[in-house]
Amino acid sequence: QLTNGNDIFKSLNKAQCRAVISDAATVAILAGPGSGKTHTLTSRVVWLLNHAGIPPQDVIVATFTNKASNEMKARIGHALGDGRERGVIIGTFHSIARRYLVKYGRRIGLDPKFGIADDSDSRGIITRICKRLDTHIEPPIARAWISKRKAKGTSDEQTVRDKKGRNVESQALETCFQEYQDQLERSNLLDYDDLLVRCVELLRRFPQCVSNIQTVLIDEYQDTNGVQYDLMKLFAQKHRRVTIVGDPDQSIYGWRSAEIKNLHRLLRDYPGTDEISLEENYRSSSCILDTALNVIQQDQDRYKKVLLPVRDKGTRPVLRKLKSSTDEADWIVSEMKRIRLLSGNMIDFDDFAILLRSAALSRHVESTLGREGIAYRMVGGFKFYERAEIKILLDYMRVIHQPDNNDAFARIINVPKRGIGEVTIKALLEEAERSSTSLWQLVDKHCRGQRRAKTSIRQQTENALSGSLIKLLNNLRERVRSDTGLGTPMNLVELIRKLARDLKFEDYLEATYGAEYESRWTNVQEFITLAEEFMRQNQGDEEALPTIDGFAQASDDDILARFLSNVSLASDKQTEDKDQEGKPLVTISTIHAAKGLEWPVVFIPAVYNGSIPHVRAEDQSEERRLLYVAMTRAKALLYLSCPQSIASGGGRSTEISSFIDLLPSSAFLPKGPSFDRPIMSSVAKILGRELPLDSVIYKGIPSMTAPEDNLFPVDPNQPLDSHTAGEAGHGGAWRHKRQKLQHPAKS
Ligand code: ATP
Ligand code: MG
Numbered sequence: 001q002l003t004n005g006n007d008i009f010k011s012l013n014k015a016q017c018r019a020v021i022s023d024a025a026t027v028a029i030l031a032g033p034g035s036g037k038t039h040t041l042t043s044r045v046v047w048l049l050n051h052a053g054i055p056p057q058d059v060i061v062a063t064f065t066n067k068a069s070n071e072m073k074a075r076i077g078h079a080l081g082d083g084r085e086r087g088v089i090i091g092t093f094h095s096i097a098r099r100y101l102v103k104y105g106r107r108i109g110l111d112p113k114f115g116i117a118d119d120s121d122s123r124g125i126i127t128r129i130c131k132r133l134d135t136h137i138e139p140p141i142a143r144a145w146i147s148k149r150k151a152k153g154t155s156d157e158q159t160v161r162d163k164k165g166r167n168v169e170s171q172a173l174e175t176c177f178q179e180y181q182d183q184l185e186r187s188n189l190l191d192y193d194d195l196l197v198r199c200v201e202l203l204r205r206f207p208q209c210v211s212n213i214q215t216v217l218i219d220e221y222q223d224t225n226g227v228q229y230d231l232m233k234l235f236a237q238k239h240r241r242v243t244i245v246g247d248p249d250q251s252i253y254g255w256r257s258a259e260i261k262n263l264h265r266l267l268r269d270y271p272g273t274d275e276i277s278l279e280e281n282y283r284s285s286s287c288i289l290d291t292a293l294n295v296i297q298q299d300q301d302r303y304k305k306v307l308l309p310v311r312d313k314g315t316r317p318v319l320r321k322l323k324s325s326t327d328e329a330d331w332i333v334s335e336m337k338r339i340r341l342l343s344g345n346m347i348d349f350d351d352f353a354i355l356l357r358s359a360a361l362s363r364h365v366e367s368t369l370g371r372e373g374i375a376y377r378m379v380g381g382f383k384f385y386e387r388a389e390i391k392i393l394l395d396y397m398r399v400i401h402q403p404d405n406n407d408a409f410a411r412i413i414n415v416p417k418r419g420i421g422e423v424t425i426k427a428l429l430e431e432a433e434r435s436s437t438s439l440w441q442l443v444d445k446h447c448r449g450q451r452r453a454k455t456s457i458r459q460q461t462e463n464a465l466s467g468s469l470i471k472l473l474n475n476l477r478e479r480v481r482s483d484t485g486l487g488t489p490m491n492l493v494e495l496i497r498k499l500a501r502d503l504k505f506e507d508y509l510e511a512t513y514g515a516e517y518e519s520r521w522t523n524v525q526e527f528i529t530l531a532e533e534f535m536r537q538n539q540g541d542e543e544a545l546p547t548i549d550g551f552a553q554a555s556d557d558d559i560l561a562r563f564l565s566n567v568s569l570a571s572d573k574q575t576e577d578k579d580q581e582g583k584p585l586v587t588i589s590t591i592h593a594a595k596g597l598e599w600p601v602v603f604i605p606a607v608y609n610g611s612i613p614h615v616r617a618e619d620q621s622e623e624r625r626l627l628y629v630a631m632t633r634a635k636a637l638l639y640l641s642c643p644q645s646i647a648s649g650g651g652r653s654t655e656i657s658s659f660i661d662l663l664p665s666s667a668f669l670p671k672g673p674s675f676d677r678p679i680m681s682s683v684a685k686i687l688g689r690e691l692p693l694d695s696v697i698y699k700g701i702p703s704m705t706a707p708e709d710n711l712f713p714v715d716p717n718q719p720l721d722s723h724t725a726g727e728a729g730h731g732g733a734w735r736h737k738r739q740k741l742q743h744p745a746k747s
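Under our numbering, think of the first position of the sequence shown as 1, with each following residue one higher.
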C-alpha cells in the first residue's frame with residue numbers, strides 16, 4: 001500500500017521509511033556518515049509531493065553545495081518522472097536567499113541588479129581600507145570580525161588581538177566595517193553574509209514572500225550557522241514544518257560560525273520533534289569504517305551514536321610514508337594505474353578521489369596526473385574562475401551587468417593596456433569615494449567632458465582611452481538587454497565570444513604570456529563551454545520563485561545575473577565533468593567540498609601535523625572531524641599518506657598526523673603481497689560490480705611498495721587471513737610505542 005506504484009520504498013530500511021513518512025511537523029535525523037540521511041531526505045521530498053499532496057513550489061530544500069543541489073534535483077526528478085522537481089526550491093542557503101532578494105529585494109531598498117562580492121572581492125576591499133585607515137589591523141582579522149558583526153547584528157568582542165598580540169579597539173574595527181559597507185553599497189554589491197542577513201530582514205518584514213512555503217528540508221544541518229537557522233525558521237514561519245538531517249561528528253565549518261547548538265535550539269523551538277536515528281552504514285567496507293570510527297572516538301566529548309557496517313569486511317586502509325611530496329604524488333598516481341590494471345578496468349579513473357586538507361596541496365598531484373596524461377576534475381576552493389584570464393572576462397561581464405561595481409571596473413580599466421596607470425586608477429577611485437559616486441559614473445563624466453577640471457593633455461588622452469572603453473561597454477550593455485529594441489539580446493556565449501573578439505583577447509594573452517598563452521586561451525574556450533553548459537541547464541526560468549497572489553513580484557532575474565552569481569556562489573567551484581574526449585576523470589577535491597559525497601577509492605595525502613591538524617587551526621576536534629569526513633568518503637579502498645619532508649621551510653621533516661599516530665598499527669594493511677585477486681574480488685563485491693575474468697593479467701603488475709616506505713613493516717612470512725578476502729590478520733610489527741585505543745565499539 002505504501003509503495004503505491006512508487007518504488008522509493010524499496011531502497012529504504014525500516015528507520016528510513018519511518019522518517020520518510022513521518023507526519024510529525026518536525027523531523028530530525030541525526031546519524032553517522034553513509035547511513036542514508038541524504039537518501040532519506042530526498043525520498044521524503046518525493047513522498048511529500050506524491051503522497052502528502054504538497055505542490056513542488058511550496059517546498060524548500062537547502063543543501064550544502066550547488067553540486068549537492070543538482071544531484072538531489074536529479075534524484076527527485078528520477079523518482080517523480082514528470083518534471084515536477086523543477087518547481088521545488090532547491091539550493092544552498094545563499095542561492096535561495098539570492099533568489100528571494102532578486103525577486104523582492106526592492107521592498108527593503110535593494111537594487112535587484114546587485115552583484116555578489118565573493119571571498120576574494122571582500123578580501124581586496126578590506127585590505128585597501130585597512131591600508132588607507134592606517135591602523136595596524138590585519139585585514140583577515142578585520143574580515144572575520146566584520147563577518148561575525150554582520151551575522152550577529154552586534155559584536156560581542158570589544159577588542160580583538162592582532163597577530164602581534166596587540167589589542168585592536170572595536171572602534172577601529174567598527175570604522176573599518178562602516179567603510180566596507182559603504183563601498184559595497186556604492187558598488188551595489190552584497191557579500192555572502194549580506195545575502196543571508198538581508199534575506200532575514202526581507203522575510204521578517206514581508207512574511208508574505210514565503211507565505212506559500214509548506215515545508216523546509218535541510219541537509220548537513222550540523223553546519224548551519226546562526227543566520228541560516230533564522231532563515232530556516234523564517235522560511236517555515238507559516239506552517240512550522242521542518243525536516244533536518246545531520247551528523248555532529250561531521251561538523252567542519254566552525255570557522256564559518258556554524259553552531260552545533262542550533263540542534264538544541266531546534267529541539268527547543270520545535271517541541272514534539274520526531275527524532276529518528278539511522279544506524280547502518282551502507283557506504284564503506286567495515287575495515288574502513290572501523291578505522292574511521294577509531295579516529296573520531298578519540299574525541300571524548302562527542303555525541304555518541306551507533307553506526308554498524310552493512311558492507312563486507314573488505315581491506316584495511318593503506319598508510320604510507322614517502323620521501324617527498326613529489327614522491328607521494330607519484331606513488332598515488334602509480335597506485336591508481338595499478339588498481340585499474342589489477343581490476344581489469346572494473347575500477348576506472350573516475351572511481352578515484354584525492355582529498356586534500358587545503359587547495360594549495362594540489363600542485364604535486366596535478367603535475368603528476370598531467371604528466372601521465374590522466375584527466376582530472378578539481379572541486380572546491382580551486383581557482384578556475386580566479387585564473388587571471390577568466391577573471392578579466394568575468395569582470396567585464398560584471399561591469400556590463402552592473403556598471404557601478406567599482407572593484408570590477410577598476411580591475412579592467414587598463415586591461416588590456418590602455419595607458420592608464422595605477423596612480424590614475426587609484427586617484428580616480430579615491431575621487432569616486434570622496435564624491436560618493438561610482439567609478440563608472442565618474443569616468444563617464446570625465447569622458448563627456450562635463451567636468452570643468454583642468455584638462456591636461458595627459459588627462460585628455462586618458463579620457464579618450466577610457467572613453468572608448470565606456471563606449472565598448474555601453475554597446476555591450478545595450479546588446480545584452482532585451483528591452484532596447486535591438487533585436488534578440490545576445491546570450492551569454494555570444495557575449496563572451498564578442499568580448500574576446502572586441503578586446504582582441506587572444507593577442508592580449510599572447511603579448512602578456514608569451515609561450516604560455518595557448519593554455520590560457522584553452523581556458524577561455526573552457527569558460528565558453530561552461531557558459532554553454534550553464535545555458536543548457538538553465539534554459540527555462542527554473543530558478544524563478546512562485547508568484548504569490550496579492551503580493552506582486554518586484555523584478556525578474558536574467559541569465560547574465562544568474563550566471564555571475566552562480567560563479568560567485570559556487571563554493572564547490574569545479575571544472576567541467578568530462579573533458580573533450582569524454583575520458584573518465586580523477587577527482588581532486590578539498591575535504592570541505594567532499595562532504596556528503598562518496599567514491600570507491602579515496603586517497604588522503606599529506607596526513608602530517610601542520611597539514612591535518614592544520615597549523616593555523618584553532619579547534620583540534622574540528623580537524624579530527626575533518627579527517628573523519630575524508631575517511632568516510634571511501635567505499636572500498638582507502639589510502640593515507642604523508643611525505644617525510646616538505647619543501648616549504650627548507651625541507652622540514654614531518655610527523656605523521658597525531659590522529660593517525662594514535663591508531664594501532666593493526667588498523668592498517670601491513671606490507672605484503674597486497675591487492676591480489678581476493679582483495680579485488682572483495683572490492684568488486686562491496687561496489688556491487690563484476691570483476692572481469694581476464695583481470696588475472698595482474699600477474700605482471702609490479703608491486704608498488706618499497707620496503708622502507710612502509711610505516712608498519714610486517715613479517716613477510718606472516719600468513720594472510722584467508723577468510724577475509726586477502727585481508728591480513730591483525731599482525732603488524734610495532735615500530736613505535738603507541739597509545740592503544742579500544743577497537744571501535746559497535747554500541
Ligand atoms: P553523509 O553523512 O556522508 O552525507 P549520508 O548519511 O547522507 O552520508 P547517503 O549519501 O544518503 O548517506 O547514503 C550513502 C550511500 O548508501 C549511498 O550510496 C546510498 O545510495 C546508500 N544507501 C542509503 N540507504 C540505503 C539502503 N537502505 N539500502 C541500500 N543502500 C542505501
Ligand atoms: Mg549526506
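For every residue, glycine included, the Cβ atom is placed at its ideal position computed from N, Cα and C. Please read all numbers here as calculations on a predicted model, not as lab measurements.
Check                                                                                                                   : Outcome
Residue 13 Cβ short of 7 Å to the ligand ATP heavy atom set                                                             : yes
Reference residue 489; option with closest CA among 560, 525, 365                                                       : 560
Same chain, Cβ closer than 6 Å to residue 33, neighbours up to 5 away in sequence not counted                           : 632
Residue 249 Cβ short of 7 Å to the ligand MG heavy atom set                                                             : no
Residue 564 and residue 398 closer than 8 Å at C-beta                                                                   : yes
Inter-residue spacing [alpha-carbon to alpha-carbon] between residue 199 and residue 108                                : 9 Å
Nearest neighbour of residue 56, chosen from 73, 268, 320 [CA to CA]                                                    : 73
Straight-line gap, residue 213 to residue 234 (C-alpha atoms, nearest Å)                                                : 10 Å
Reduced DSSP category for residue 56 - H, G, I as helix; E, B as strand; rest coil                                      : helix
Cβ-based burial, residue 10 [other Cβ within 10 Å; buried from 16]                                                      : exposed
Three-state secondary structure assigned by DSSP to residue 117                                                         : strand
Residue interval of the beta strand (DSSP E) (run including residue 64)                                                 : Element bounds for residue 64: n/a, residue is neither H nor E.
Own chain, CB closer than 8 Å to residue 15, minus 5 neighbours either side, in chain order                             : 276, 277, 278, 279
The ligand GDP heavy atom lying under 7 Å from the CB of residue 113                                                    : In the structure shown, the ligand GDP is absent; the only ligands present are the ligand ATP and the ligand MG.
When 252, 281, 245 are compared against residue 266, the one with the closest alpha-carbon                              : 245
Distance CB(residue 317)-CB(residue 289) smaller than 8 Å                                                               : no
The ligand MG heavy atom lying under 7 Å from the CB of residue 596                                                     : yes
Sequence-distant residues of the same chain with beta carbon closer than 7 Å to residue 392, five excluded per side     : 412, 415
Close-in-space but distant-in-sequence residues of the same chain around residue 444 (CB under 7 Å, 5 per side omitted) : 470
Close beta carbons around residue 177, own chain, < 7 Å, minus the five adjacent residues each side                     : 146, 149
Any non-hydrogen atom of the ligand ATP closer than 7 Å to residue 314 Cβ                                               : no
Minimum length 3: unbroken beta strand (DSSP E) runs contained in the region 225-253                                    : 242-246
Whole-angstrom C-beta distance between residue 94 and residue 196, which should lie under 8 Å                           : 7 Å
Any non-hydrogen atom of the ligand ATP closer than 7 Å to residue 39 Cβ                                                : yes
Contact test: residue 285 Cβ vs the ligand ATP heavy atom, cutoff 7 Å                                                   : no
Those residues which DSSP pairs with residue 299 across a bridge                                                        : Residue 299 pairs with nothing; no bridge assigned.
First through last residue of the alpha helix (DSSP H) which encompasses residue 209                                    : Looking at the DSSP string, residue 209 is not in any alpha helix (DSSP H), and its letter there is neither H nor E.
Whole-angstrom distance between residue 404 and residue 419, CA atom to CA atom                                         : 22 Å
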